[in-house]
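This report refers to the structure that appears directly beneath it.
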Amino acid sequence: MPDNTGKVSRLAQSAYDSPYSRSGAPSPHPTGDPYAPLRARALSTLAEMGYDPNTMIERGVLWAEDQDPFGHVKQSRFMHFLGIGFHRTMESYDEYLSEQEYNDMIHAKSVIPVVRKYDLEIRRQVKYPDSLIVATRPDSMEPTRYYGTTSLFSLQQQAIVAEVKGSVTFIDAGTGRPTDIRNRGDGWPKVCEAYVEKVASAQAKKQNWDMKKPKSKHSKI
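Take 930 as the starting number for the sequence shown in the numbering used here and just add one per residue.
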């Protein structure tokens, strides 16, 4: 927490990596957690923008591992963080698939979601200390493909700092060809139906957000 001069300690600035910032901690964070109000604002904003709260995850920036010699988060790390969002989306299929169907997907024995293409936009530089929320918004669902937007939202900057728009193709592991998941087992048609509904809900929220909030002129690198 800030001292009598208003200064926040270095430990508090990286408190996002402390177990005391997690649920289940026996007491509030010993140094205070300056990210708590920032996190609340970020989650509220992302939900309004149509991002899926179930698949969101937070990743704190590490001083040594994530930065380049110039003190900025490396491009390769952006892709590492965004890849977590893809995996979280894949894990969400568990709600609709049987245990066997899910395990077959994970072990490439049936249907596997494979990244088809993506376009990365790095909007802002990110520096330590900071923590990024990885959030995914479903954009479109077809029987053989899923389209989505995965973004990194900086708690410090209260803005999207990087974004990937891309698509995933559902592949038959046996043939290596796209497959219509509506015709695959009991659970896969449920995945398709559920994501059609998720797309409709997410895009309605996005449209409402876009109407309320004129597109900002974010700086580009």
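Note that the Cβ used here is the ideal one computed from N, Cα and C, for glycine as well.
Nothing here was measured: the structure is a model prediction, and the numbers come from that model.
Paired residues, beta bridge with residue i - DSSP
i, result
"Gly1095", "Tyr1047, Gly1077"
"Ala1064", "Ser1080"
"Gln996", "Val1002"
"Ile882", "Because the chain here runs from 930 to 1150, residue 882 falls outside it and cannot be looked at."
"Pro1107", "Ile1100"
Distance, residue j Cα to residue i Cα
i, j, result
"Gln907", "Lys1094", "There is no way to answer for residue 907, as the model of the chain reaches only from 930 to 1150."
"Ile1051", "Gln1136", "23 Å"
"Met1070", "Lys1003", "32 Å"
"Gly1103", "Ser1039", "7 Å"
"Gln1085", "Leu967", "7 Å"
"Leu1049", "Leu1081", "11 Å"
"Ala971", "Asp1068", "21 Å"
"Val1125", "Asp995", "36 Å"
"Trp1138", "Ala1088", "14 Å"
"Ser973", "Ser1027", "32 Å"
"Leu940", "Glu977", "32 Å"
"Pro931", "Asp1023", "Caution is warranted here: a pLDDT of 49 is assigned to Pro931, below 50, making its placement in the model unreliable, and no coordinate value can be reported."
"Ala1037", "Thr1098", "14 Å"
"Asp1033", "Gly1116", "12 Å"
"Glu987", "Gly953", "17 Å"
Beta-carbon proximity list for residue i, same chain, < 7 Å, skipping 5 on both sides
i, result
"Ala1123", "Tyr1025"
"Pro1072", "Asp1109, Ile1110, Arg1111, Cys1121"
"Ser947", "His958"
"Lys936", "none"
"Ser1096", "Arg1045, Lys1046, Arg1074, Tyr1075, Tyr1076"
Reduced DSSP secondary structure (H/G/I, E/B, other) of residue i
i, result
"Asp1115", "coil"
"Arg970", "helix"
"Asp1059", "coil"
"Met978", "coil"
"Gly953", "coil"
"Arg988", "strand"
"Pro1072", "coil"
"Pro1042", "strand"
"Arg1053", "coil"
"Pro963", "coil"
"Lys936", "coil"
"His1009", "helix"
"His1016", "helix"
"Tyr945", "helix"
"Lys1134", "helix"
"Ser1027", "coil"
"Lys1141", "helix"
"Met930", "Reliability fails at Met930, whose pLDDT of 45 lies under 50, so the model's placement of it is uncertain and no value is given."
Residues near residue i in its chain [Cβ-Cβ closer than 8 Å; skip 5 each side]
i, result
"Ala944", "Ser950, His958, Thr960, Gly961, Asp962, Pro963, Tyr964"
"Glu1092", "Leu1049, Glu1050, Arg1052, Thr1078, Thr1079, Ser1080, Leu1081"
"Leu991", "Asp946, Tyr1057"
"Ser956", "Tyr949"
"Lys1142", "none"
Inter-residue CB distance, residue i and residue j (contact presumed, cutoff 8 Å)
i, j, result
"Met1140", "Ala1064", "About 20 Å separates the two Cβ atoms, so there is no contact after all."
"Val1055", "Val1090", "5 Å"
"Gln942", "Pro1118", "Not a contact, Cβ separation roughly 48 Å."
"Ile1062", "Leu975", "7 Å"
"Asp981", "Lys1127", "7 Å"
Contacting residues, own chain, Cβ-Cβ under 6 Å from residue i (five flanking each side not counted)
i, result
"Gly1114", "Glu1030"
"Thr1018", "Thr984, Thr1065"
"Asp1101", "Thr1108"
"Gly989", "Tyr945, Asp946, Ser1060"
"Arg1006", "Asp995"
Closer than 8 Å: residue i CB and nearest the ligand NAD heavy atom
i, result
"Pro959", "Judged by which ligands are present, the structure shown has none, so any question about the ligand NAD falls away."
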